[in-house]
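UniProt numbering puts the sequence shown at residues 1 to 988.
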Amino acid sequence: MEDARRRSRASSDARTLYVPLEPLNALRGTLSNILAVPLSPLLWGTGQPEGKLARCEYGTCNTRESLQDASMERRTPGKACKMRVWNVEHQGKLARCEYGTCNTRESLQDVKKDEILNMINNLGSVYNDPVKSENSYECFWKVLTIYQEQPKVLDQHLDEILDKLTDYVRSEKFEVKLKSEACKYLYVVMKVRRYKVIVKRLPHEVTDLPLILELLQSPQFGDEDWQARHVLLLWLSIVILLPFPMAHFEGQDMVQDPLVERILALVKKYLMTNNLYNVAAFLASQFVMRSDIKDIHLKLFLDWAREIIIDTETNESQKAYSMSAIASILKHAKREDILPHIGLLTEPKVLSSFQDSTSSLFRKYGMKALQRIGLTFLKPQIPTWRYQRGCRSLMVNMNAAGDLTNSVISNQSPLTNDRKESHIVTDMPKDQEQNDIEVPEEIEDILHNLLTGLNDTDTIIRWSAAKGIGRITERLPQAMANEVVGMVLEVFNSREQFNAWHGGCLALAQLGNRGLLLPSRMKDVVPVILKALLFDEVKCYASVGDHIRDAACYVCWSLARAFDKNVVQPYVKTIASQLLIVAVFDREVHCRRAASAAFQENVGRQGSFPHGIDIVNKADYLAVGVRSNAFLKVSKFVGQFEEYTLPLINHLVGNKVGHWDPELRILASKALNNLTEYAPQYMANTVVVQLLEFTSNMELNIRSGAVRALAEVIYALSVHFKQSNLSLVDALGVNIIKEIEGLYSKFSDRRQFRGMGGDIMKEVCCHLIKNCSQASLPLHGHTIIVSWVRLVEDCLGNELVPVRDAAVSAVNSLFTEYFKSDPPQYPEYFKFDPALGNIAKRYAEKLQSNNQVLRSGYAMALGNLPNFMLTNHLQLIISSLTQCTVITPSTAKWTDSRRDALAAIRIVCSAANICETSPDYLEKLFNCFLTALQDYTITTRGDVGALVRMEAVTCLHFLTVEKHFLALYNFCYAHHTQILCFWVLFSI
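(1) Considering only their Cβ atoms, is the gap separating residue 946 from residue 902 smaller than 8 angstroms?
(2) Suppose you measure from the CA of residue 379 to the CA of residue 481; what does that come to, to the nearest Å?
(3) Just how far apart, CA to CA, sit residue 579 and residue 692?
(4) Spell out a yes or no on whether the stretch 648-667 and the stretch 699-710 are touching, meaning 3 or more CB-CB pairs, one atom from each, closer than 8 angstroms.
(5) Taking all protein chains shown into account, do 16 or more other C-beta atoms lie within 10 angstroms of the C-beta of residue 569, making it buried, or fewer, making it exposed?
(6) Just the C-alpha distance for residue 291 and residue 303, rounded to the nearest angstrom, thanks.
(7) On the criterion of 16 or more Cβ atoms from any shown chain inside 10 Å, does residue 993 qualify as buried, or is it exposed?
(8) According to DSSP, residue 177 sits in a beta bridge with which residue or residues?
(9) Using C-beta distances below 7 angstroms, list every residue in its chain close to residue 78, excluding the 5 sequence neighbours before and after it, in chain order.
(10) Report the three-state DSSP secondary structure of residue 188 (helix, strand or coil).
(11) Relative to the C-alpha of residue 201, which residue among 165, 220, 219, 218 is closest?
(12) Just to check my reading of the structure: residue 561 and residue 588 have Cβ atoms closer than 8 angstroms, yes? What is that Cβ distance to the nearest angstrom?
(13) Identify whether residue 441 lies in helix, strand or coil by the three-state DSSP scheme.
(14) Hey, out of 240, 954, 896, whose CA is closest to residue 943's CA?
(15) For residue 564 and residue 558, what's the separation of their Cα atoms in angstroms?
(16) Counting beta carbon pairs with one atom in the stretch 760-770 and one in the stretch 722-733, are three or more of them shorter than 8 angstroms?
(17) Under the rule that 16 or more other beta-carbon atoms within 10 Å means buried, what is residue 582, buried or exposed?
(18) Should residue 324 and residue 365 be called a contact, given that it needs their Cβ atoms to be closer than 8 angstroms?
(19) Quick one: what does DSSP say residue 888 is sitting in, helix, strand or coil?
(20) Using the C-alpha atoms, what's the distance from residue 308 back to residue 314?
(21) Within its chain, find whatever has a CB closer than 7 angstroms to the CB of residue 678; leave out the 5 residues flanking it on each side and keep chain order.
(22) Among 360, 807, 801, which has the Cα closest to the Cα of residue 793?
(23) In whole angstroms, give me the CA-to-CA distance for residue 174 and residue 168.
(24) Tell me, which residues are paired with residue 543 by DSSP?
(25) Which residues bound the alpha helix (DSSP H) around residue 348?
(26) Which of the three DSSP states is assigned to residue 939 in this structure?
(27) Given a threshold of 16 other Cβ atoms within 10 Å of its Cβ, counted over all protein chains shown, does residue 789 qualify as buried or as exposed?
(28) Quick one: is residue 848 buried, meaning 16 or more other Cβ sit within 10 Å of its Cβ, or exposed?
(29) Looking only at its own chain, which residues have a Cβ that is under 6 angstroms from the Cβ of residue 773, when we skip the five neighbours before and after it?
(30) Helix, strand or coil: which one does DSSP assign to residue 510?
(31) Within a Cβ cutoff of 7 angstroms, which residues of the same chain sit near residue 504, ignoring the five residues on either side of it in sequence?
(32) When the distance is taken between beta carbons, is residue 346 closer than 8 angstroms to residue 326?
(33) Among the residues of its own chain, which have a CB less than 6 angstroms from the CB of residue 440, if the five just before and after it don't count?
(34) How big is the Cα-Cα spacing for residue 321 and residue 220?
(35) Please state whether DSSP places residue 292 in a helix, a strand or coil.
(36) Could you work out which residue in 514, 178, 870, 231 is closest to residue 388 when comparing CA atoms only?
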């Protein structure tokens with residue numbers, strides 16, 4: 001009722017403004033007359049809750065409440081505006097819906113608080129009805145998950161929500177089923193706000209302990225009540241921390257087992273459960289470390305878990321669950337408490353049990369336990385020998401910079417303040433170091449196992465091993481820590497074990513974050529990271545290395561935060577170049593974004609990256625997110641700076657031109673085209689030579705990519721040198737021109753136009769022919785032109801669409817450049833192929849072929865012929881193309897050829913200006929296009945006739961744009977095609 005009254009007040013307070021839209025209403029009248037259907041006037045309402053606009057699909061959401069309150073009304077009688085909240089922000093910020101925005105000052109939790117509490121209060125009336133109970137739970141879950149991204153907004157109402165839910169569990173008057181339902185609601189709250197926060201807010205009184213134990217042991221809890229058990233186990237983990245001896249909690253009932261035994265039994269029981277083992281392990285770590293429990297039961301529990309782990313008959317899952325309990329105990333226990341029992345966990349059977357396991361869960365918890373065992377052996381301390389850059393807080397650095405009065409220091413960037421005392425590396429005397437730090441022998445075995453974990457097949461295990469190496473190294477003396485760094489660097493020696501490269505990068509990042517990589521090691525670390533940034537190995541039909549490149553970016557990010565700019569200065573140019581190469585040319589989006597973030601961090605922390613600010617503004621998170629944008633636009637912007645031009649070009653030529661992904665080969669060739677203007681001489685003297693060498697490579701990807709890239713570079717060079725009034729022959733040299741001319745013969749002699757890669761080579765060679773023709777390569781009158789024409793015509797009948805499209809795109813450029821004048825000017829052509837004199841006629845005859853592919857290819861080729869070839873054969877071409885659109889019994893399903901013929905007619909009409917020079921063709925064309933509109937061919941592919949109809953509509957639109965709409969309208973009216981008459985009017 002309260003919600004209804006609030007909605008009513010909001011609706012009455014809002015203003016509605018009806019804006020007359022005269023032009024649109026005039027159009028409404030015209031449409032109403034044409035269609036003979038009355039149309040309502042257009043309405044636009046605007047409301048301003050809290051002085052700001054809230055828009056919905058229909059007009060305005062007039063309300064003073066925030067968007068998520070579903071009380072917004074559409075200004076149409078009897079209709080409600082159903083708006084879904086898809087993203088919300090914190091108090092006073094933007095709340096968005098799928099139709100518009102509503103800017104209000106009321107935070108989301110204030111609006112939803114009553115709804116959440118009402119669902120909790122109604123829990124007692126719906127839990128017995130399965131349908132109502134399920135609907136209520138789903139509604140509660142949907143409301144709470146709104147806070148998933150920003151769970152902290154729940155905190156101010158969290159205590160009230162928890163109190164209401166826990167009251168159901170703590171009260172004796174409610175049934176077990178209702179208590180279980182309340183626990184499910186608690187589970188949703190824990191899932192959103194995380195259990196570590198919720199556990200601290202749960203009630204923990206003496207009376208709660210027997211109650212929770214009773215519920216956990218209740219036979220009324222079935223397998224479907226696992227959420228309730230999850231909540232109760234976490235609740236028990238805070239209750240058992242009450243500062244009273246466990247003996248005080250014992251009741252008078254002598255039939256039951258002692259309380260301690262009951263709790264341990266529950267822990268062991270649920271520790272072997274699939275979805276409860278993690279909370280049971282957390283409970284075990286809290287319980288066995290009580291001051292009155294650990295003396296007796298800690299060793300017993302560790303013995304019990306150890307026996308399960310080393311038992312050969314136990315399955316892998318149970319071993320993993322037991323190892324999770326050990327890892328949790330090692331995490332929460334004090335060093336002096338666990339040290340007397342550490343021998344139980346360092347036995348060879350225990351340490352080696354998880355390494356060869358097939359269970360990733362077992363290996364993960366084993367790796368966690370292993371590193372925590374190593375930390376238990378070593379005293380916690382901050383090494384005095386580590387590299388200390390100084391304060392890394394931006395705010396503190398800025399404040400410190402503001403307080404400096406020295407003019408030299410004040411001119412330095414606050415992020416790169418390199419005061420001498422801020423990064424002094426101090427060394428303890430060796431005798432004192434050996435006396436203060438005792439390293440047990442077990443540490444060597446532990447480090448060996450952690451280093452082995454860097455090569456694990458699972459990322460989570462490599463990450464855990466890397467963190468363990470960093471934490472343990474932090475407690476070692478400098479000499480041993482230096483050995484650990486050396487062993488981590490040895491991981492990168494083998495390129496076969498790509499997982500080790502990823503783990504090694506993670507380990508280096510952890511060492512760098514902790515200041516354990518000294519400046520003297522930079523000369524060893526940087527070359528390894530530069531290789532990792534470009535790691536890309538082809539395995540079968542995929543590549544391996546994106547996770548390595550991502551981790552290498554993480555290392556660069558950590559080095560920017562760890563070292564002073566004077567330490568990184570010698571490597572700035574190479575690191576910056578490699579990061580930008582990954583940011584703009586990497587195949588994977590997460591690698592490009594990681595490199596962009598690392599570059600930005602280096603620009604901010606180091607301040608010495610060339611043109612860093614300009615590049616950061618251009619190569620941001622969103623810009624590099626789209627691959628084509630990163631390759632073609634961002635790379636062109638970065639390439640204008642001379643520090644990065646050659647590294648970008650060399651990377652494209654050496655790594656991307658012959659990439660296994662065809663899309664990357666295409667993008668790489670286009671990127672080379674864009675970068676040519678920044679280094680034309682280098683392209684002409686070096687890159688072209690390298691690409692010509694790659695054309696002799698036996699690997700298909702490299703050979704085809706080189707041909708495509710060569711085509712793009714030649715065209716880009718021709719454009720550049722033409723602006724400089726230089727010829728391409730002078731720029732490239734006669735020998736290079738001859739090599740380009742001989743590529744076709746080389747591929748043909750090696751039979752590389754045949755076989756599996758033959759179609760790919762034909763496609764890229766057509767691309768080369770097109771670009772060489774556009775570049776006006778001086779081959780006029782050479783016999784190679786005849787071979788090029790033969791290749792293009794062969795590709796016009798290819799089954800693969802990309803090959804046909806490449807040939808079609810080459811037709812116009814080839815004939816325009818090398819067949820400009822009458823045929824007698826180049827008699828050499830006809831000695832080898834007399835048919836070259838009647839190209840248009842020969843292509844028109846191909847449209848009568850019994851092969852649909854030939855029809856499609858040659859139809860599009862006719863459409864792309866230059867004007868001087870169309871002029872003398874226009875009637876033949878139009879007649880052949882229109883005949884190709886006719887449906888016959890044998891060609892009924894050839895919709896592709898009919899579509900391409902229509903497209904060719906449109907292109908020919910535009911190129912030859914047929915609408916102005918030959919208006920007699922109009923009626924024939926109209927008839928052809930209107931007939932095509934009735935093509936409703938259906939095959940196994942579906943309504944394939946839609947392709948023909950859409951192309952026919954495009955052709956009709958072209959004619960109307962050419963001011964012949966009146967003839968088309970009269971034609972439609974004469975044929976009683978009223979719908980098309982309306983279409984013609986709308987086209988105008």
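Just so it is clear, CB atoms sit at the ideal spot from N, CA and C, and this is done for glycine as well.
Owing to the predicted nature of the structure, the values given are computational and were not obtained by experimental measurement.
On the basis of the coordinates in this document:
(1) Numbered from 1 along the sequence shown, position 902 holds the residue referred to as residue 902. Numbered from 1 along the sequence shown, position 946 holds the residue referred to as residue 946. When the beta-carbon positions are compared, residue 902 and residue 946 stay at least 8 angstroms from each other.
(2) Here the question's residue 379 lines up with position 379 in the sequence shown. Here the question's residue 481 lines up with position 481 in the sequence shown. Their Cα atoms are separated by approximately 15 angstroms.
(3) On the sequence shown, residue 579 is found 579 positions in, with the first residue counted as 1. On the sequence shown, residue 692 is found 692 positions in, with the first residue counted as 1. Spanning the two alpha carbons is a distance of roughly 29 angstroms.
(4) By the C-beta criterion, the stretch 648-667 is judged to be in contact with the stretch 699-710, since at least 3 inter-stretch pairs fall below 8 angstroms.
(5) As a working note, residue 569 is residue 569 in the sequence shown. Residue 569 counts as exposed, since fewer than 16 other beta carbons sit within 10 angstroms of its beta carbon.
(6) Taking the first residue of the sequence shown as position 1, residue 291 is located at position 291. Taking the first residue of the sequence shown as position 1, residue 303 is located at position 303. Cα to Cα, the separation comes out at about 19 angstroms.
(7) The shown model of the chain, from 1 to 988, leaves out residue 993, and the question about it has no answer.
(8) As a first step, residue 177 is located in the sequence shown; it is residue number 177 there, counting from the start. In the DSSP secondary-structure assignment, residue 177 is not bridged to any residue.
(9) Start at 1 with the first residue of the sequence shown, and residue 78 comes out as number 78. Unreliable placement is indicated for residue 78, whose pLDDT of 33 sits below 50; the coordinate value is still reported in the next sentence. Cβ within range, chain order: n/a, list empty.
(10) By 1-based counting over the sequence shown, the position of residue 188 is 188. Per DSSP, reduced to three states, the secondary structure at residue 188 is helical.
(11) Locating residue 201 in the sequence shown gives position 201, counting from the first residue. Of the candidates 165, 220, 219, 218, the one whose C-alpha sits nearest the C-alpha of residue 201 is 165.
(12) To locate residue 561, count along the sequence shown from 1; it is residue 561. To locate residue 588, count along the sequence shown from 1; it is residue 588. About 24 angstroms separates the Cβ atoms of residue 561 and residue 588, ruling out a contact at the 8 angstroms cut-off.
(13) Counting from one through the sequence shown, the residue named residue 441 turns up at place 441. In the three-state scheme derived from DSSP, where H, G and I count as helix and E and B as strand, residue 441 is classed as coil.
(14) Counted from its first residue, the sequence shown places residue 943 at position 943. Taking each of 240, 954, 896 in turn and checking the Cα distance to residue 943, the smallest one comes out for 896.
(15) In the sequence shown, residue 564 corresponds to position 564, counting from 1. In the sequence shown, residue 558 corresponds to position 558, counting from 1. Roughly 12 angstroms separates the two Cα atoms.
(16) Three or more Cβ pairs closer than 8 angstroms define a contact, and the stretch 722-733 falls short of that threshold against the stretch 760-770.
(17) The sequence position of residue 582 within the sequence shown is 582, counting from 1. It is buried - the Cβ of residue 582 has at least 16 other Cβ atoms within 10 Å.
(18) For the purposes of this step, residue 324 is identified with residue 324 of the sequence shown, where counting begins at 1. For the purposes of this step, residue 365 is identified with residue 365 of the sequence shown, where counting begins at 1. In contact: residue 324 and residue 365 (Cβ atoms closer than 8 angstroms).
(19) What you label residue 888 is simply residue 888 of the sequence shown in a count that begins at 1. Of the three classes helix, strand and coil, the one that applies to residue 888 here is coil, per DSSP.
(20) The residue labelled residue 314 in the question sits at position 314 within the sequence shown. The residue labelled residue 308 in the question sits at position 308 within the sequence shown. Distance between the alpha carbons of residue 314 and residue 308 is about 6 angstroms.
(21) Translated into the one-based positions of the sequence shown, residue 678 becomes position 678. Excluding sequence neighbours, residue 678 sits near 639, 640, 645.
(22) Walking along the sequence shown from the start, residue 793 turns up at place 793. By alpha-carbon distance to residue 793, the top candidate from 360, 807, 801 is 807.
(23) Counting from one through the sequence shown, the residue named residue 174 turns up at place 174. Counting from one through the sequence shown, the residue named residue 168 turns up at place 168. In a straight line, the C-alpha of residue 174 is about 7 angstroms away from that of residue 168.
(24) Taking the first residue of the sequence shown as 1, we reach residue 543 at position 543. Answer is 538, bridged to residue 543.
(25) In the sequence shown, residue 348 corresponds to position 348, counting from 1. In this chain, the alpha helix (DSSP H) harbouring residue 348 covers 348-351.
(26) Taking the sequence shown and counting its residues from 1, one reaches residue 939 at position 939. Three-state result, residue 939: strand.
(27) By one-based count along the sequence shown, residue 789 stands at place 789. Buried.
(28) Here residue 848 corresponds to residue number 848 of the sequence shown, with the count starting at 1. Exposed is the call here.
(29) To locate residue 773, count along the sequence shown from 1; it is residue 773. Beyond the five residues adjoining it in sequence on each side, residue 773 comes within less than 6 angstroms, by CB distance, of 813, 814, 817 in the same chain, given in chain order.
(30) Looking up residue 510 in the sequence shown gives position 510. Reduced to three states, the DSSP call for residue 510 is helix.
(31) Locating residue 504 in the sequence shown gives position 504, where the first residue counts as 1. The answer, listed in chain order, is 454, 488, 491, 492.
(32) The residue labelled residue 326 in the question sits at position 326 within the sequence shown. The residue labelled residue 346 in the question sits at position 346 within the sequence shown. No, these two residues do not count as a Cβ contact at 8 angstroms.
(33) On the sequence shown, position 440 is the one that residue 440 refers to. Close CB contacts of residue 440 within its chain, under the 6 angstroms cut and outside five residues either way in sequence, are with 377 (chain order).
(34) The residue given as residue 321 occupies position 321 in the sequence shown. The residue given as residue 220 occupies position 220 in the sequence shown. Between residue 321 and residue 220, the C-alpha separation is close to 26 angstroms.
(35) For the purposes of this step, residue 292 is identified with residue 292 of the sequence shown, where counting begins at 1. Looking at residue 292 - three-state DSSP - the assignment turns out to be coil, as it is neither helix nor strand.
(36) Taking the first residue of the sequence shown as position 1, residue 388 is located at position 388. Looking at the Cα atoms, 514 is the closest of the given residues.
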